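Trainee:
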Amino acid sequence: MSKQVNMHEAKSQLSRLGALVQQGETVVIAKSGKPYMDLVPHKMVRVIRKPGRLSGQIKLAASFNQRKQHP
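Residue numbers for the sequence shown follow the working numbering, so the first one is 295 and each next one is one higher.
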(Lines of atoms letter the chains of each structure in order from A and count residues from 1; the text may use other names and numbers.)
(Lines give C-alpha, C1' and ligand atoms only; values in the text may rest on other atoms or scores of the structure.)
Protein backbone atom coordinates (compact mmCIF):
# COMPACT_ATOMS: atom_id res chain seq x y z
CA MET A 1 0.00 0.00 0.00
CA SER A 2 1.24 3.49 -0.82
CA LYS A 3 0.85 6.57 1.37
CA GLN A 4 1.31 10.15 0.14
CA VAL A 5 1.98 12.96 2.60
CA ASN A 6 2.79 16.62 2.08
CA MET A 7 6.18 18.07 3.00
CA HIS A 8 4.92 19.76 6.19
CA GLU A 9 3.38 16.53 7.50
CA ALA A 10 6.55 14.60 6.60
CA LYS A 11 8.65 17.03 8.65
CA SER A 12 6.46 16.69 11.72
CA GLN A 13 5.84 12.92 11.38
CA LEU A 14 9.23 11.69 10.13
CA SER A 15 9.73 9.07 12.86
CA ARG A 16 6.28 7.57 12.27
CA LEU A 17 6.78 7.57 8.50
CA GLY A 18 10.20 5.95 8.92
CA ALA A 19 8.60 3.16 10.95
CA LEU A 20 6.01 2.63 8.19
CA VAL A 21 8.76 2.38 5.59
CA GLN A 22 10.62 -0.20 7.71
CA GLN A 23 7.40 -2.24 7.81
CA GLY A 24 7.25 -2.29 4.00
CA GLU A 25 4.94 0.67 3.37
CA THR A 26 5.67 2.93 0.40
CA VAL A 27 5.73 6.60 1.40
CA VAL A 28 5.65 9.37 -1.21
CA ILE A 29 6.37 12.92 -0.04
CA ALA A 30 4.56 15.56 -2.07
CA LYS A 31 5.32 19.23 -2.61
CA SER A 32 2.44 21.44 -3.77
CA GLY A 33 0.34 18.30 -4.24
CA LYS A 34 2.79 16.69 -6.68
CA PRO A 35 5.01 13.70 -5.84
CA TYR A 36 8.43 15.08 -4.89
CA MET A 37 10.38 12.15 -3.40
CA ASP A 38 10.04 8.62 -2.08
CA LEU A 39 10.97 7.66 1.46
CA VAL A 40 12.80 4.33 1.23
CA PRO A 41 14.70 2.13 3.69
CA HIS A 42 18.49 2.22 3.66
CA LYS A 43 20.17 -0.60 1.73
CA MET A 44 23.43 -1.89 3.13
CA VAL A 45 25.95 -2.10 0.29
CA ARG A 46 29.12 -4.07 0.88
CA VAL A 47 32.03 -2.68 -1.10
CA ILE A 48 34.61 -5.28 -2.02
CA ARG A 49 38.07 -3.75 -1.84
CA LYS A 50 40.69 -4.84 -4.35
CA PRO A 51 44.14 -5.32 -2.77
CA GLY A 52 46.95 -3.41 -4.45
CA ARG A 53 44.68 -0.86 -6.08
CA LEU A 54 47.04 1.98 -5.07
CA SER A 55 50.21 0.06 -5.90
CA GLY A 56 52.90 2.43 -7.18
CA GLN A 57 50.95 5.54 -6.23
CA ILE A 58 52.28 6.02 -2.70
CA LYS A 59 55.87 7.19 -2.28
CA LEU A 60 57.82 6.98 0.98
CA ALA A 61 60.96 8.92 1.81
CA ALA A 62 64.19 6.91 1.57
CA SER A 63 64.75 7.55 5.28
CA PHE A 64 61.32 6.24 6.29
CA ASN A 65 62.60 3.08 8.02
CA GLN A 66 65.64 4.70 9.65
CA ARG A 67 65.55 5.29 13.39
CA LYS A 68 66.00 8.82 14.63
CA GLN A 69 68.98 9.46 16.88
CA HIS A 70 67.93 11.09 20.15
CA PRO A 71 70.56 13.33 21.82
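Glycine included, every Cβ here is placed at the ideal spot set by N, Cα and C.
On a predicted model such as this, the values are computed, not experimentally measured, just so you know.
Can the beta-carbon of lysine 297 be found less than 8 Å from the beta-carbon of glutamate 319?
Mentor: What you label residue 297 is simply residue 3 of the sequence shown in a count that begins at 1. What you label residue 319 is simply residue 25 of the sequence shown in a count that begins at 1. Yes, the Cβ-Cβ distance between lysine 297 and glutamate 319 is below 8 Å.
Trainee: My output table needs one value for valine 301: the three-state DSSP class, helix, strand or coil.
Mentor: As a position in the sequence shown, residue 301 is number 7, starting the count at 1. Here residue 301 is methionine; the residue named in the question, valine, does not match the sequence. Methionine 301: helix per DSSP, three-state reduction.
Trainee: Less than 8 Å between the CB atoms is what I'm expecting for valine 322 and proline 329, so what's the real figure, rounded?
Mentor: Stepping through the sequence shown from its first residue, residue 322 is reached at position 28. Stepping through the sequence shown from its first residue, residue 329 is reached at position 35. With 8 Å as the limit, valine 322 and proline 329 qualify as a contact, their Cβ atoms being about 5 Å apart.
Trainee: Once DSSP output is grouped into helix, strand and coil, what is the label at serine 296?
Mentor: The sequence position of residue 296 within the sequence shown is 2, counting from 1. Strand at serine 296.
Trainee: Helix, strand or coil: which one does DSSP assign to alanine 355?
Mentor: Stepping through the sequence shown from its first residue, residue 355 is reached at position 61. Coil.
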